[in-house]
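For the protein sequence lines, the chains are V and Z, in the order given.
Just so we're on the same page, this note's numbering is the position in the first sequence counted from 1, plus 2.
Just so we're on the same page, this note's numbering is the position in the second sequence counted from 1, plus 1.
A virtual CB, placed ideally from N, CA and C, is assigned to each residue, including glycine.
Working notes for the structure below.
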Amino acid sequence: MIGLLCRIYSAMLYAYPREFRLQYGVEMQQCFRDRCRELAGAHAASGAWFRFGLRTVMDWMASIVRERQARKLVQEWAVTLLLFLFVTTTMVQAYVVPTGSMENNILVGDHMLVDKVGFENGGNNWSSYVLPRREVKRGDIVAFRYPEDVRQTFVKRVIGLPGDRIRVENKQVVRNGQKLVEPYARYSTSGIDNYRDNFPTAPDFYTLGGGREMFAHHVQGGEAIVPPNTLFVLGDNRDDSLDSRYWGFVPNNYLVGKPLVIYWSFDAPTSDYVGWTFHHVEDVAFHFFSKTRWNRTLKVPESQ
Amino acid sequence: MPKPSDLLPLTPPVFHILLALADEERHGYGIMQDVARQTNDALQLGPGTLYGCLKRMLAAGLVEESDERPDPELDDERRRYYRMTALGRKTVRAEASRLAGAVSAANARLGLAGGKS
């Protein structure tokens with residue numbers, strides 16, 4: 003957690019003028035990390051972390067204005083603006099979770115930042131020079147473009163990597179012949195839906211395009227075999243999740259990134275997060291404090 | 002060399018940073034902690050504010066860089082220490098007496114003298 007915050011902070015330092023960053027960047031990072039450690043050592047409540055985060059961002063913005071003003075250069079400001087755009091478009095992306103397919107680990111209304119450069123397999127490779135990254139592992143929670151409709155972003159858990167053989171027997175996932183222990187999985191019904199809970203059987207009415215292609219080419223001996231450069235993903239809310247069982251594999255280049263941190267969690271129904279409604283704006287305005295799930299603020303969605 | 006009076010009034014962060022360095026040299030995080038202590042957490046400097054101030058204070062000759070060494074209480078990483086110069090000490094004294102003058106003027110006008118508040 004602290005390592006992650008320090009990574010974000012060190013990226014934020016790039017908004018300062020170059021000389022300032024070179025002169026004081028290392029010391030500023032030391033201070034930031036010391037403060038994080040102090041908070042962690044004191045077992046600070048999430049409220050204290052939240053105030054610290056807010057104060058740090060305010061300090062950041064105010065001092066950037068200050069340091070840049072001192073130079074009075076238009077082009078310096080252009081750099082800052084570009085950096086803001088760069089950060090929001092390539093490095094992190096804000097994302098609201100609209101459905102409960104990952105409950106109870108990720109709830110409807112969780113607003114999260116997605117780290118877009120954390121994975122090797124992701125789209126933009128050049129940014130690996132900026133931040134450390136690693137390969138996707140089984141059990142990671144990932145955000146990706148929904149292969150059936152790339153305008154939508156989905157968040158699911160990685161169950162199978164290329165080459166893995168996956169099947170589901172009575173809701174129990176079996177990977178490469180081994181039953182998985184899945185403390186994160188939740189089952190909302192004991193009823194068995196043959197397609198959903200004994201996968202893979204045969205495509206049916208609910209099987210989408212990618213799923214049909216999976217059944218046609220990647221099912222062998224009653225198991226789905228994950229092809230190269232793709233992932234097999236399932237929602238934690240197993241009985242109520244539109245996932246790889248229905249639409250097949252996620253190509254690596256559809257991967258957006260790794261959920262980084264939940265910065266705000268607001269308790270509202272799915273319908274409020276599908277499109278913008280006046281009702282939702284009103285709801286947020288009047289119930290911001292009562293309907294915000296404060297204990298989820300700054301929570302890191304955990305991989306397994 | 003500027004005179005202390007040229008530099009007045011000091012901004013609150015600069016004033017408290019100088020106070021933090023009055024009795025010993027400190028590294029950045031040490032200054033942040035001490036300023037929070039001095040002000041009962043009313044002023045909590047962020048790294049950007051702190052080093053922005055230090056940069057200007059170095060340029061004005063109020064503080065100077067000491068050596069780089071580890072802080073025995075934190076870890077063995079090397080940290081840059083800062084110390085107050087003679088000009089810094091004169092300036093913070095001048096600022097303190099300027100503030101004291103302002104406070105007593107306020108007390109006289111507002112009838113706050115005698116510790117009532």
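Judged by DSSP secondary structure, H17/Z falls within the alpha helix (DSSP H) whose first and last residues are 13 to 21. For T58/V, the neighbours in chain Z by C-beta distance under 7 Å run, in chain order, G47.
Nearest CB-CB separation between M58/Z and chain V: not below the 9 Å threshold. The C-beta of G29/Z has 16 or more other C-beta atoms within 10 Å across all chains shown, which makes the residue buried. With contacts defined as CB atoms closer than 9 Å, L11/Z and M33/Z fail to qualify as a contacting pair.
The C-alpha of K301/V lies about 8 Å from the C-alpha of S48/V. Per the coordinates, the alpha-carbon of F22/V lies some 8 Å from the alpha-carbon of E69/V. Taking 9 Å as the cut-off, the Cβ atoms of G237/V and M104/V count as close. Rounded to whole angstroms, the Cβ separation of V116/V and V94/V is 6 Å, and the two are in contact under 8 Å. Judged by beta-carbon spacing, R84/Z lies within the 9 Å limit of S67/Z, meaning their Cβ atoms are closer than that value. With a threshold of 9 Å between beta carbons, S12/V makes no contact with chain Z. Against chain Z, the beta carbon of Q222/V has no neighbour under 9 Å; the closest one sits roughly 54 Å away.
Annotation: the region 84 to 114 of chain Z contains the following complete segments of the alpha helix (DSSP H) (minimum length 4 residues), in chain order: 87 to 111. From the listed residues Q71/V, F201/V, R240/V, L244/V, the smallest Cα separation to I227/V is found for F201/V. Within the DSSP secondary-structure output, R169/V pairs in a beta bridge with V176/V. Note on Y189/V: under 16 other CB atoms within 10 angstroms of its CB, so exposed under the neighbour-count rule. Cα atoms of V157/V and Y275/V: separation of roughly 15 Å, rounded to the nearest angstrom. Restricted to the region 211 to 268 of chain V, the beta strand (DSSP E) segments that are unbroken, complete and at least 3 residues in length are 225 to 227, 232 to 236, 257 to 267, listed in chain order. Secondary structure of F121/V (DSSP, three-state): strand. In the structure shown, M63/V falls within a helical segment according to DSSP collapsed to helix, strand and coil. D112/V is classed as buried because its beta carbon has at least 16 other beta carbons within 10 Å across all chains shown. Measuring C-alpha to C-alpha distances from H17/Z to each of P3/Z, R80/Z, L63/Z, P73/Z identifies L63/Z as the nearest. R20/V is outside the set of residues whose beta carbon lies under 9 Å from a beta carbon in chain Z. Under the 8 Å Cβ criterion, the region 137 to 154 of chain V counts as touching the region 251 to 266 of chain V, having at least three qualifying pairs.
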